[in-house]
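K.L.:
Number of protein chains: 2
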Amino acid sequence: MPSTVPPHAAPAESRVRARTRRAILTAAASLLARNRGATLAEIAEAADVGRTSLHRYFPDRESLINAVIQDSASVMSQAIQEARLDDDDPVQTLRRLVATMFDVGDHLLFLFSDPGVRATFENLSEQGARTDAVARLIERGCAEGVFDSKVSSAWIESVFWALIYAGCDAVHKGRLPRHQALNSVLRSLENGIRIKGAGEEPDV
Amino acid sequence: MPSTVPPHAAPAESRVRARTRRAILTAAASLLARNRGATLAEIAEAADVGRTSLHRYFPDRESLINAVIQDSASVMSQAIQEARLDDDDPVQTLRRLVATMFDVGDHLLFLFSDPGVRATFENLSEQGARTDAVARLIERGCAEGVFDSKVSSAWIESVFWALIYAGCDAVHKGRLPRHQALNSVLRSLENGIRIKGAGEEPDV
DNA sequence: TCATTATGGAACATCAATGATCTATTTTGG
DNA sequence: CCAAAATAGATCATTGATGTTCCATAATGA
């Protein structure tokens, strides 16, 4: 069976449409992350398509926003899967995860840039159990006594996302080169949630 | 000379107007923090004033937004001053500061909720040297070797704001009671930026 | 009490983003 | 090369937020 074609994916979108759709979603996420009030015209231009085309794919603004949220969520979800959170020891896994999150920084910045967007995102996370893998990883770490037990695992997760966001933001704004931001996040994060035996240097 | 009345503050606003203005600014900050697209009508309602009145104080939306930014910035600035960042040792001072920031959480959440707002805020910070006191405190801490020297002081400041924000957000959303959020932030922060000799328990 | 000041609400004009429709072109895939 | 699919661009109606004006009331404070 073909690997990229889902068996029962009814009509299946043409390659052209798929590419266009992707262009729109990507451009939208990137633009909206910086300017939540971005006009549909601006988004279309950024995606290098006519405003009409954008409308053909997403009837109204709301459906576009939702689609971008969905898409960003699934991009992150997939990235998380590929990070294999159930392997190794939590520390090593966490490092892989952070690096992975940096790779999808644009989507992450978008999902966290707006309270409303973020709420919607977290909502469908609850239902669909998507980024829950992260929560599970952290809880596992707590259970194994590898993470700080003086604070709730929920809080640790908050810290995790907050630092990732700060790191991506720093890179995005050009305040730090990627590798340095990555190291900084790792360092602040690991020491922050007090990993036992994290004596020195996560480094490169 | 009177303590609360600036000597040359030309016309001086009537008490009533001052109160109304404050009501609007406060309500606006609180509302806009949660919903950046909040309508002027909604803001007026939240402030418990007529939309007309709101317009009387702030001719257009932009001037309102700017005023709210200015106000929130000055509220934070004042709070920071009262935290006396130049006293004590950096650690103790940092703790005071975090607690202080929790007190002005609504304003902080507003200033950081929107990329655009945040940019404007950081812009006038540079010029007016307002929240720079925080940066100075951190740099002092780094200079004294009290904070982690493996990362830039700029990054440490990022971590500081990121964790404060996460804490305020948790409180605001009801995920944590205030005192617990405060302790969590302190703990994660201090261990995160690796304060030497911070063996245990900041606690209550 | 009374003049002043501040307010609320209705009513209206404006405007920009939105979304819908149509047509001419281009691109795709066979 | 050709039919089908996809697109861009122009045009137009709609709509909701905005900003403005006017007037009647209410609060203030001397």
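Sequence lines, in order, name chains A and B.
Position 196 (the first sequence) corresponds to 196 in UniProt numbering; numbering is contiguous.
Position 138 (the second sequence) corresponds to 138 in UniProt numbering; numbering is contiguous.
We treat Cβ as the ideally placed atom computed from N, Cα and C, and that holds for glycine.
Residue 35 (chain A) versus chain B: which residues are under 8 angstroms apart at the beta carbon?
P.N.:
Result: 115 and 116.
K.L.:
For the segment 149-171 of chain B, enumerate the residues whose C-beta is nearer than 9 angstroms to any C-beta of chain A, in chain order.
P.N.:
If the cut-off is 9 angstroms between Cβ atoms, the segment 149-171 of chain B has 150, 151, 152, 154, 155, 156, 158, 159, 161, 162, 163, 165, 166, 167, 169 and 170 near chain A.
K.L.:
Mark residue 107 (chain A) as exposed unless 16 or more other C-beta atoms lie within 10 angstroms of its C-beta, in which case mark it buried.
P.N.:
Buried: at least 16 other Cβ atoms inside 10 Å.
K.L.:
Grab me the residues of residue 58 (chain A)'s own chain with a C-beta within less than 8 angstroms of its C-beta, minus the 5 sequence neighbours each way, in chain order.
P.N.:
Excluding residues within five positions, the ones whose Cβ falls inside 8 angstroms are 24, 64 and 67.
K.L.:
Any C-beta of chain A sitting closer than 8 angstroms to the C-beta of residue 66 (chain B)?
P.N.:
With 8 angstroms as the cut-off, residue 66 (chain B) does not count as an interface residue toward chain A.
K.L.:
Per the contact definition of three or more C-beta pairs closer than 8 angstroms, is the segment 113-124 of chain A in contact with the segment 145-163 of chain B?
P.N.:
Verdict: no, contact absent.
K.L.:
Are there 16 or more other CB atoms within 10 angstroms of the CB of residue 14 (chain A), so buried, or fewer, so exposed?
P.N.:
Exposed.
K.L.:
Check each residue of the segment 83-115 of chain B: if its Cβ is closer than 8 angstroms to any Cβ of chain A, include it; give the result in chain order.
P.N.:
Against chain A - using a Cβ distance shorter than 8 angstroms - the residues of the segment 83-115 of chain B are 113, 114 and 115.
K.L.:
Can you tell me whether residue 82 (chain B) is helix, strand or coil according to DSSP?
P.N.:
In this structure, residue 82 (chain B) counts as helix in the three-state DSSP scheme.
K.L.:
When you compare the segment 41-52 of chain A with the segment 119-138 of chain B, are there three or more beta-carbon pairs, one atom per stretch, that lie closer than 8 angstroms?
P.N.:
The answer is no - the segment 119-138 of chain B does not touch the segment 41-52 of chain A, with fewer than three Cβ pairs under 8 angstroms.
K.L.:
Rounded to the nearest angstrom, what separates residue 185 (chain A) and residue 41 (chain B) at their Cα positions?
P.N.:
Going from the Cα of residue 185 (chain A) to the Cα of residue 41 (chain B) covers about 42 angstroms.
K.L.:
Specify the secondary structure class of residue 77 (chain B) as computed by DSSP and reduced to three states.
P.N.:
The answer is helix: DSSP assigns residue 77 (chain B) an H, G or I state.
K.L.:
I want to know whether the segment 18-37 of chain A touches the segment 79-86 of chain A - three or more CB-CB distances under 8 angstroms.
P.N.:
Contact fails: fewer than three Cβ-Cβ distances are below 8 angstroms.
K.L.:
Taking the alpha carbon of residue 169 (chain A) as the reference point, which residue from A:119, A:181 and A:160 has its own alpha carbon closest?
P.N.:
That would be A:181, whose Cα lies nearest to the Cα of residue 169 (chain A).
K.L.:
Can you list the alpha helix (DSSP H) stretches of 4 or more residues lying completely in the segment 87-132 of chain B, in chain order?
P.N.:
List check, alpha helix (DSSP H) in window: 90-103, 105-113 and 115-128.
K.L.:
Who are the Cβ neighbours of residue 173 (chain A) in its own chain at under 8 angstroms, not counting the five residues just before and after it?
P.N.:
Counting only Cβ-Cβ distances below 8 angstroms, and skipping sequence neighbours, we find nothing.
K.L.:
Whole angstroms are fine: how far does the CA of residue 20 (chain A) sit from the CA of residue 87 (chain B)?
P.N.:
Distance between the alpha carbons of residue 87 (chain B) and residue 20 (chain A): 59 angstroms.
K.L.:
Give me the residue from A:12, A:75 and A:38 with the minimum Cα distance to residue 62 (chain A).
P.N.:
When only C-alpha atoms are compared, the closest one is A:38.
K.L.:
Mind listing the chain A neighbours of residue 175 (chain B)? Cutoff is C-beta to C-beta under 7 angstroms, in chain order.
P.N.:
In chain order: 154.
K.L.:
Measure the beta-carbon distance from residue 159 (chain B) to residue 166 (chain A) and round it to whole angstroms, keeping in mind my assumption that it falls under 8 angstroms.
P.N.:
Correct: roughly 6 angstroms between the Cβ atoms.
K.L.:
On a CA-only basis, which of B:137, B:89, B:148 and B:73 is nearest residue 123 (chain B)? Give me that one, please.
P.N.:
The residue with the shortest Cα to Cα distance from residue 123 (chain B) is B:73.
K.L.:
Measure from the alpha carbon of residue 93 (chain B) to the alpha carbon of each residue in B:134, B:119 and B:105, then state which is nearest.
P.N.:
Nearest of B:134, B:119 and B:105 to residue 93 (chain B), Cα basis: B:134.
K.L.:
For the alpha helix (DSSP H) holding residue 48 (chain A), just list the boundary residues, first then last.
P.N.:
Note, residue 48 (chain A): premise wrong, no alpha helix (DSSP H); not H, not E.
K.L.:
By the 10 Å Cβ neighbour count, where 16 or more other Cβ atoms means buried, how is residue 60 (chain A) classified, buried or exposed?
P.N.:
Exposed is the call here.
K.L.:
Give the secondary structure of residue 15 (chain A) by DSSP, where H, G and I count as helix, E and B as strand, and everything else as coil.
P.N.:
If DSSP states are grouped into helix, strand and coil, residue 15 (chain A) belongs with the helices.
K.L.:
How about residue 187 (chain B): is its C-beta nearer than 8 angstroms to some C-beta of chain A?
P.N.:
Yes, contact with chain A.
K.L.:
Can you tell me where the alpha helix (DSSP H) holding residue 58 (chain A) begins and where it ends?
P.N.:
Unbroken run through residue 58 (chain A): none, as it is neither H nor E.
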